[in-house]
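In what follows, a single structure is set out as structure tokens and then discussed.
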Amino acid sequence: MRDFKKRKGRRKYRSTGVFFVEHIVALKMFKRFGHRSRLTAATVCRRAGNVAGRSFSADLRVAVVGSGPAGFYTTKYLLKDHPGSTVDIFEALPVPFGLVRYGVAPDHPEVKSVQKDFSNIASDERVRYWGNVKVGEDVAVSTLRDAYDCVVFAHGADGDRFLNIPGEKELAGVYTSREFVNWYNGLPEHRDLDVDLSGVKTVAIVGQGNVAIDCARILGKRIEDIKSTDIAEHAVDILSKSAVENVYVIGRRGHVQAAFTMKEMRELTQLAGCDLIIDEADLENGRTDASKEEIKQFRAKKRMDALLQKHVESPKGPGGEAERSISLRFFRSPTAMLPREGNLKHVGALQLEKTKLEGPAGSQRAVVTDKDDLEIIPCDMVITGVGYQSTAMEGLPFDHDSCVVPNARGRVHEGSAKGPLAGVYCSGWVKRGPSGIIGTNIMDARETVRAIVQDISDGLFSELKLGASHPGMDAVLTTHNVVDWDGYSRIDQLEMDLGEKSGKDRVKLVDVETMLEVSKVA
Ligand code: NAP
Numbered sequence: 001m002r003d004f005k006k007r008k009g010r011r012k013y014r015s016t017g018v019f020f021v022e023h024i025v026a027l028k029m030f031k032r033f034g035h036r037s038r039l040t041a042a043t044v045c046r047r048a049g050n051v052a053g054r055s056f057s058a059d060l061r062v063a064v065v066g067s068g069p070a071g072f073y074t075t076k077y078l079l080k081d082h083p084g085s086t087v088d089i090f091e092a093l094p095v096p097f098g099l100v101r102y103g104v105a106p107d108h109p110e111v112k113s114v115q116k117d118f119s120n121i122a123s124d125e126r127v128r129y130w131g132n133v134k135v136g137e138d139v140a141v142s143t144l145r146d147a148y149d150c151v152v153f154a155h156g157a158d159g160d161r162f163l164n165i166p167g168e169k170e171l172a173g174v175y176t177s178r179e180f181v182n183w184y185n186g187l188p189e190h191r192d193l194d195v196d197l198s199g200v201k202t203v204a205i206v207g208q209g210n211v212a213i214d215c216a217r218i219l220g221k222r223i224e225d226i227k228s229t230d231i232a233e234h235a236v237d238i239l240s241k242s243a244v245e246n247v248y249v250i251g252r253r254g255h256v257q258a259a260f261t262m263k264e265m266r267e268l269t270q271l272a273g274c275d276l277i278i279d280e281a282d283l284e285n286g287r288t289d290a291s292k293e294e295i296k297q298f299r300a301k302k303r304m305d306a307l308l309q310k311h312v313e314s315p316k317g318p319g320g321e322a323e324r325s326i327s328l329r330f331f332r333s334p335t336a337m338l339p340r341e342g343n344l345k346h347v348g349a350l351q352l353e354k355t356k357l358e359g360p361a362g363s364q365r366a367v368v369t370d371k372d373d374l375e376i377i378p379c380d381m382v383i384t385g386v387g388y389q390s391t392a393m394e395g396l397p398f399d400h401d402s403c404v405v406p407n408a409r410g411r412v413h414e415g416s417a418k419g420p421l422a423g424v425y426c427s428g429w430v431k432r433g434p435s436g437i438i439g440t441n442i443m444d445a446r447e448t449v450r451a452i453v454q455d456i457s458d459g460l461f462s463e464l465k466l467g468a469s470h471p472g473m474d475a476v477l478t479t480h481n482v483v484d485w486d487g488y489s490r491i492d493q494l495e496m497d498l499g500e501k502s503g504k505d506r507v508k509l510v511d512v513e514t515m516l517e518v519s520k521v522a
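If you use this note's numbering, the sequence shown corresponds to residues 1 to 522, in order.
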């Protein structure tokens with residue numbers, strides 16, 4: 001498929017080398033016209049200890065772990081509700097913004113405009129950004145707790161929910177939606193995912209949330225309608241060779257319970273070159289008495305019911321011949337992923353049980369109608385879009401059942417019997433689980449900040465660590481390849497410049513080494 005080789009410890013693309021050649025040229029230009037200014041140990045130390053010299057009266061030293069929406073909104077409201085805070089934001093990657101950069105679909109640039117707000121927050125004199133620092137690995141949670149008055153964990157969900165059915169983890173051609181989304185959005189960890197769409201005619205996506213819909217839309221769209229976004233160049237390369245004709249989006253419940261939302265579904269009904277297929281009988285089966293109650297109670301469900309019904313009666317679309325189709329299939333629950341005939345290591349079909357709804361309005365469950373009445377959908381690729389999941393961090397309490405950091409309104413608890421851990425808070429998906437849109441993090445962050453402010457007024461932070469030097473932190477910030485906000489701004493500028501040259505919103509750098517190189521070129 002793609003051809004890359006290791007050279008001087010760095011992977012270089014050959015067949016899709018245009019992007020890399022371009023950005024190496026740009027790097028050289030930076031080097032010629034500017035001088036390299038590495039963030040020296042002395043500079044970092046000076047900056048780290050310089051808080052007291054600022055023009056405001058600082059009285060609380062906070063570390064925020066994670067620079068996605070939860071981290072930035074927490075920072076925003078800390079600065080607003082407790083103006084004496086100084087905040088150090090730690091991010092595992094050199095680049096910030098988490099799910100805004102790596103989760104939001106490339107063809108939804110308007111959603112990414114929050115990056116401007118977040119950049120304004122990062123530019124506040126009370127905020128410092130420390131990229132390329134993995135908390136729990138490069139710096140221990142205990143070190144952060146010692147060095148700061150309070151630590152807010154807002155590092156999101158970097159794992160997957162699984163179906164736990166045969167074939168899911170063994171067969172090639174099966175991806176989680178997180179992997180697939182990370183791949184097309186250029187997350188370094190997943191840029192080399194072995195996606196090859198040239199021989200793929202049918203894709204089955206399990207789950208009917210917005211992430212599943214994003215994946216379906218990216219697969220269903222014409223390449224000319226997506227290539228000028230900030231989608232990763234390697235994904236453009238693979239998608240432009242796509243042989244995909246059918247995409248199934250499979251849900252175990254009905255359309256009234258589906259997790260996708262209006263805007264995303266309306267977009268699917270109007271996709272150029274791609275039909276949206278819905279079986280009217282599925283909609284009819286979905287209108288149980290309890291579902292009718294749900295439709296009556298929730299305006300969003302009423303609108304969704306009307307949209308899908310209208311679509312089956314008169315599929316509008318943009319007109320013209322469709323090369324592809326996306327089929328929404330309701331009342332089907334996967335029981336196995338089956339191997340392909342002739343290649344037992346690759347997925348060849350998805351096996352489904354048929355289901356129906358049972359239970360009262362608001363908590364209808366999918367129950368199997370007949371265990372022996374199975375449906376097989378032959379397919380060349382499966383994406384499981386059944387949700388993200390937070391993972392445990394060394395040194396931080398974690399509830400392995402609900403996969404969140406145990407907390408009460410943002411105050412982290414050691415366990416149900418024990419009280420809150422002094423000075424340790426959480427925000428976002430690690431706090432509430434992987435649900436909600438970017439804006440949901442606003443209320444969530446405000447709640448956590450309220451807890452912190454309350455604890456300050458209750459005298460919990462009596463021994464302030466402001467300006468204190470901590471040997472553990474100094475070691476990380478001086479010996480580690482830390483990227484500060486200036487460093488990120490250089491990456492941002494280069495990506496935007498490359499984007500302008502190639503007619504894209506942005507050309508993302510997709511490997512950490514190159515990001516680090518670029519961050520240092522002043
Ligand atoms: P989600 O909204 O929780 O959807 C998960 C889907 O997986 C549901 O359809 C669920 O069905 C299904 N599912 C879970 N377990 C299953 C199982 N064992 N078998 C079959 N199906 C199963 O998760 P998501 O799509 O990953 O989205 C995460 C959050 O990000 C959501 O709040 C979403 O709205 C948000 N997001 C928003 C946008 C946007 O605004 N454009 C884009 C992307 C993501 P059941 O309901 O039956 O459990």
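We treat Cβ as the ideally placed atom computed from N, Cα and C, and that holds for glycine.
Beta strand (DSSP E) containing L516: first to last residue? Secondary structure note for L516: it is in no beta strand (DSSP E), and the uninterrupted alpha helix (DSSP H) holding it is V512 to K520.
What's the call for R145, buried or exposed, on a 16-neighbour Cβ count within 10 Å? That one is buried.
Does the segment 171 to 184 come close enough to the segment 379 to 393 to have 3 or more Cβ pairs within less than 8 angstroms? Touching, yes.
Quick check: the segment 129 to 136 against the segment 242 to 257, are at least 3 beta-carbon pairs closer than 8 angstroms? Segments in contact, no.
Which one of L516, S228 and A349 has the shortest CA to CA distance from V507? Closest option to V507, judged by alpha-carbon separation, among L516, S228 and A349: S228.
Can you tell me whether DSSP reads D437 as helix, strand or coil? It should be noted that the sequence gives Ile, not Asp, for residue 437. Coil.
Assess, as a yes-or-no matter, whether the segment 388 to 395 is touched by the segment 116 to 132 under the definition of 3 or more beta carbon pairs within less than 8 angstroms. Flag = no, the segment 116 to 132 and the segment 388 to 395 do not touch.
Taking 7 angstroms as the line, does the beta carbon of P249 fall inside it for any heavy atom of the ligand NAP? The identity of residue 249 in the sequence shown is Val, whereas the question assumes Pro. Distances from the CB of V249 to the heavy atoms of the ligand NAP are all 7 angstroms or more.
Using a Cβ-Cβ cut-off of 8 angstroms (strictly less than) and excluding sequence neighbours within five positions of H400, which residues of its own chain qualify? Correct list, in chain order: A392.
Beta-carbon proximity list for G273, same chain, < 6 angstroms, skipping 5 on both sides: Once the five neighbours on either side are set aside, the close Cβ partners of G273 are R222, A322 and E323.
Can you list, in chain order, the stretches of the beta strand (DSSP E) that have 3 or more residues and sit fully within the segment 150 to 227? For secondary structure counted as the beta strand (DSSP E) over 3 or more consecutive residues, the segment 150 to 227 holds these complete runs in sequence order: 150 to 153, 174 to 176 and 202 to 206.
For F90, three-class secondary structure by DSSP: For F90, the three-state secondary structure derived from DSSP is strand.
With a threshold of 7 angstroms on Cβ separation, who are the neighbours of A451 within its own chain once the five nearest residues in sequence on each side are excluded? Around A451: R409, G410, R411 and Y425.
Helix, strand or coil for E495 per DSSP? Looking at E495 - three-state DSSP - the assignment turns out to be helix.
Contacts around I376, its chain only, beta-carbon distance under 8 angstroms, and the 5 residues preceding and following it disregarded: Only L338, A349, L350, Q351 and L352 meet the Cβ criterion.
Does A408 come out as helix, strand or coil in the three-state DSSP assignment? In the displayed model, A408 falls within a strand according to three-state DSSP.
Where does S67 sit, in a helix, a strand or coil, going by DSSP? Reduced to three states, the DSSP call for S67 is coil.
Own chain, CB closer than 8 angstroms to K371, minus 5 neighbours either side, in chain order: The residues are E353.
Whole angstroms is fine: what's the gap from K31's alpha carbon to L93's? Residue placement at K31 is flagged as unreliable, the pLDDT there being 41, under the threshold of 50; the coordinate-derived value follows with that caveat. Roughly 23 angstroms between the two C-alpha positions.
What are the residues that DSSP puts in a beta bridge with C403? BP columns for C403 are empty, so no partner.
Give the DSSP-derived three-state secondary structure of E393 in the structure shown. First, the residue type needs correcting, since residue 393 is Met and not Glu in the sequence shown. M393 carries a coil assignment under DSSP once its states are collapsed to helix, strand and coil.
Which of the three DSSP states, helix, strand or coil, is assigned to S142? Helix at S142.
For E341, collect the residues of the same chain with a Cβ closer than 7 angstroms to its Cβ; drop the 5 residues on either side in sequence, then sort them by chain order. Taking E341 as the centre and dropping the five residues before and after it, the same chain places the C-beta of G348 closer than 7 angstroms to its C-beta, in chain order.
Short check: CB of N185 to CB of P83, under 8 angstroms? Not in contact: N185 and P83 (Cβ atoms no closer than 8 angstroms).
Give the DSSP-derived three-state secondary structure of A258 in the structure shown. In the structure shown, A258 sits in coil (DSSP, three-state: anything other than H, G, I, E or B).
Pick from F153, V152 and K76 that is closest to S123, judged by C-alpha positions: The candidate whose alpha carbon is nearest that of S123 is K76.
Residues near G286 in its chain [Cβ-Cβ closer than 7 angstroms; skip 5 each side]: Excluding positions up to five away in sequence, the list reads G254, H255, V256 and F330.
Assuming the contact rule is C-beta atoms closer than 8 angstroms, F97 and G68 should be a hit. Round their C-beta distance to whole Å, please. With 8 angstroms as the limit, F97 and G68 qualify as a contact, their Cβ atoms being about 6 angstroms apart.
Span of the alpha helix (DSSP H) around T479: Looking at the DSSP string, the run of the alpha helix (DSSP H) that includes T479 is P471 to T479.
Beta carbon of Y73 nearer than 8 angstroms to that of N441: Yes. Within cutoff.
Measure the C-alpha to C-alpha separation of Q270 and D279 and round it to an integer number of angstroms. About 17 angstroms.
Tell me, which residues are paired with C61 by DSSP? The residue asked about is misnamed: residue 61 is Arg in this sequence, not Cys. In the DSSP output, where bridge partners are listed per residue, R61 has T86.
Just mark Y109 as buried or exposed, buried being the case when its beta carbon has 16 or more other beta carbons within 10 Å. At residue 109 the sequence reads Pro, which differs from the Tyr that was named. Exposed is the call here.
So, is N50 buried or exposed, given that buried needs 16 or more other C-beta atoms within 10 angstroms? The predicted position of N50 is uncertain, since its pLDDT is 38 and thus under 50; a value taken from the coordinates is nonetheless stated next. Classification for N50: exposed.
Sort D492, H413 and F162 by Cα distance to D336 and report the nearest one. In the sequence under discussion, the amino acid at residue 336 is Ala, which differs from the Asp named in the question. Checking every option, the nearest Cα to that of A336 belongs to F162.
The ligand NAP heavy atom lying under 7 angstroms from the CB of D230: No.
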